[in-house]
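Participant:
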Amino acid sequence: MRRLAPKLFLIVWWTAPARAHDIPNARVDRSLQATLAPGRLAIDYEVSVSELTLTQDLRALIGGLPGADRRAWFDRYGAETGPLNAKGLLLTLNGRPLDLRCQGFDLAVEEHPRYTFHYEAPLPPRGRLSIRDTNFAASEGSSRLAVRGRGGVAVEGDDLPPDVDLIPARPVWQLSDAEERRTKHVEVSFRSPAPAPALARVGLPLAPEVRAPATESPAPPAVRSDRLSRLLDRSSGVSLLGLSLIAFVLG
Numbered sequence: 003m004r005r006l007a008p009k010l011f012l013i014v015w016w017t018a019p020a021r022a023h024d025i026p027n028a029r030v031d032r033s034l035q036a037t038l039a040p041g042r043l044a045i046d047y048e049v050s051v052s053e054l055t056l057t058q059d060l061r062a063l064i065g066g067l068p069g070a071d072r073r074a075w076f077d078r079y080g081a082e083t084g085p086l087n088a089k090g091l092l093l094t095l096n097g098r099p100l101d102l103r104c105q106g107f108d109l110a111v112e113e114h115p116r117y118t119f120h121y122e123a124p125l126p127p128r129g130r131l132s133i134r135d136t137n138f139a140a141s142e143g144s145s146r147l148a149v150r151g152r153g154g155v156a157v158e159g160d161d162l163p164p165d166v167d168l169i170p171a172r173p174v175w176q177l178s179d180a181e182e183r184r185t186k187h188v189e190v191s192f193r194s195p196a197p198a199p200a201l202a203r204v205g206l207p208l209a210p211e212v213r214a215p216a217t218e219s220p221a222p223p224a225v226r227s228d229r230l231s232r233l234l235d236r237s238s239g240v241s242l243l244g245l246s247l248i249a250f251v252l253g
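Counting from 3, one number per residue, gives the positions in the sequence shown under my numbering.
1) For the alpha helix (DSSP H) containing D268, list its first residue and its last residue.
2) Answer with yes or no whether the minimum CB distance from S132 to chain C is below 7 Å.
3) Go through its chain and collect everything with a Cβ distance to G154's Cβ below 8 Å, but skip five positions before and after it.
4) Could you compute how far the alpha carbon of F138 sits from the alpha carbon of V30?
5) Using the Cβ count rule (16 or more neighbours within 10 Å means buried), how would you classify S145?
6) Roughly how many angstroms separate the alpha carbons of R152 and V190, rounded to a whole number?
7) For L230, which residues of its own chain have a beta-carbon under 7 Å away from its beta-carbon, when the five flanking residues on both sides are left out?
8) Should the segment 122-133 be called in touch with the segment 85-104, which here means at least 3 C-beta pairs below 8 Å?
9) May I ask you to report which of helix, strand or coil DSSP gives A148?
10) Would you check if there are 3 or more beta carbon pairs closer than 8 Å linking the segment 103-113 to the segment 128-135?
11) Specify the secondary structure class of E118 as computed by DSSP and reduced to three states.
12) What's the gap between the Cα of C104 and the Cα of P199?
13) Any chance you could list the alpha helix (DSSP H) runs of at least 4 consecutive residues sitting entirely within the segment 20-95, in chain order?
Here is the structure:
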């Protein structure tokens with residue numbers, strides 16, 4: 003009877019009405035939104051799994067489950083798989099590997115757990131970026147990938163919509179080989195806007211130059227010419243002689 007109890011629990015757990023629209027086991031739906039801003043690449047990586055798949059994967063990762071609280075399982079799964087998913091996202095920048103930094107995750111539990119992992123990396127002003135998703139390669143599920151520019155960054159080389167929400171989720175059997183490859187890999191060129199010209203340095207106004215008031219230089223002393231003196235002396239003598247003669251005649 004003790005052996006039947008766990009089996010009955012699993013049957014009830016699996017056939018509960020809340021699981022009627024859950025994603026199938028061993029299926030992982032994912033979408034990747036890459037955002038290129040000046041100097042920064044941000045990736046929002048959404049992963050949706052069933053609780054049973056999550057439990058099995060978590061047990062394989064850590065060897066046991068942390069207590070009986072489902073929320074604790076979900077948080078631990080996000081903490082364990084976040085860095086692993088970063089390693090499974092193979093990025094190259096101008097042909098060289100580009101490492102991602104994990105910035106945490108958001109968790110929403112509706113019909114199934116849905117994680118959104120956040121990653122980022124620095125970017126140069128321009129270059130060629132390749133993104134390849136190698137996570138969950140053996141699992142079923144849909145995959146979407148989109149690249150967009152923000153802050154004036156121009157992105158070229160991709161024909162799909164820049165927002166991942168505008169790309170319909172389609173099962174693999176509906177996709178051609180090229181379409182399936184595109185769901186997991188994209189390569190684009192990007193270019194950041196030219197930096198604004200530096201403003202000319204505005205200096206403080208110069209203080210007006212203070213100059214001493216102009217003064218008239220004293221006129222040089224008159225120099226009496228010796229020749230002019232002699233002429234005046236001579237003229238003076240003639241005038242006196244004439245006056246003397248006039249006085250003598252008049253008596």
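All residues carry an ideal CB built from backbone N, CA and C; glycine is no exception.
Facilitator: Taking the geometry as given:
1) Only positions 3 to 253 of the chain appear in this structure, which leaves residue 268 out of reach.
2) Note that chain C does not occur in the displayed structure, where there is just one protein chain.
3) Here residue 154 refers to the residue found at position 152 of the sequence shown. The answer, listed in chain order, is P40, S194, P195.
4) If you number the sequence shown from 1, residue 138 lands on position 136. If you number the sequence shown from 1, residue 30 lands on position 28. So the alpha carbons of these two residues sit roughly 7 Å apart.
5) Taking the sequence shown and counting its residues from 1, one reaches residue 145 at position 143. S145 should be labelled buried.
6) By one-based count along the sequence shown, residue 152 stands at place 150. By one-based count along the sequence shown, residue 190 stands at place 188. Approximately 15 Å, taken between the alpha carbons.
7) For the purposes of this step, residue 230 is identified with residue 228 of the sequence shown, where counting begins at 1. Low local confidence applies: a pLDDT of 42 at L230 is under 50, so the model's placement there is unreliable, and no value is given.
8) yes
9) In the sequence shown, counting from the first residue as 1, residue 148 sits at position 146. Strand, per DSSP.
10) no
11) The residue you call residue 118 lines up with position 116 of the sequence shown. The sequence shown places Thr at residue 118, rather than the Glu named in the question. Reduced to three states, the DSSP call for T118 is strand.
12) Within the sequence shown, residue 104 is the residue found at index 102, counting from 1. Within the sequence shown, residue 199 is the residue found at index 197, counting from 1. Roughly 34 Å between the two C-alpha positions.
13) 53-64, 72-90
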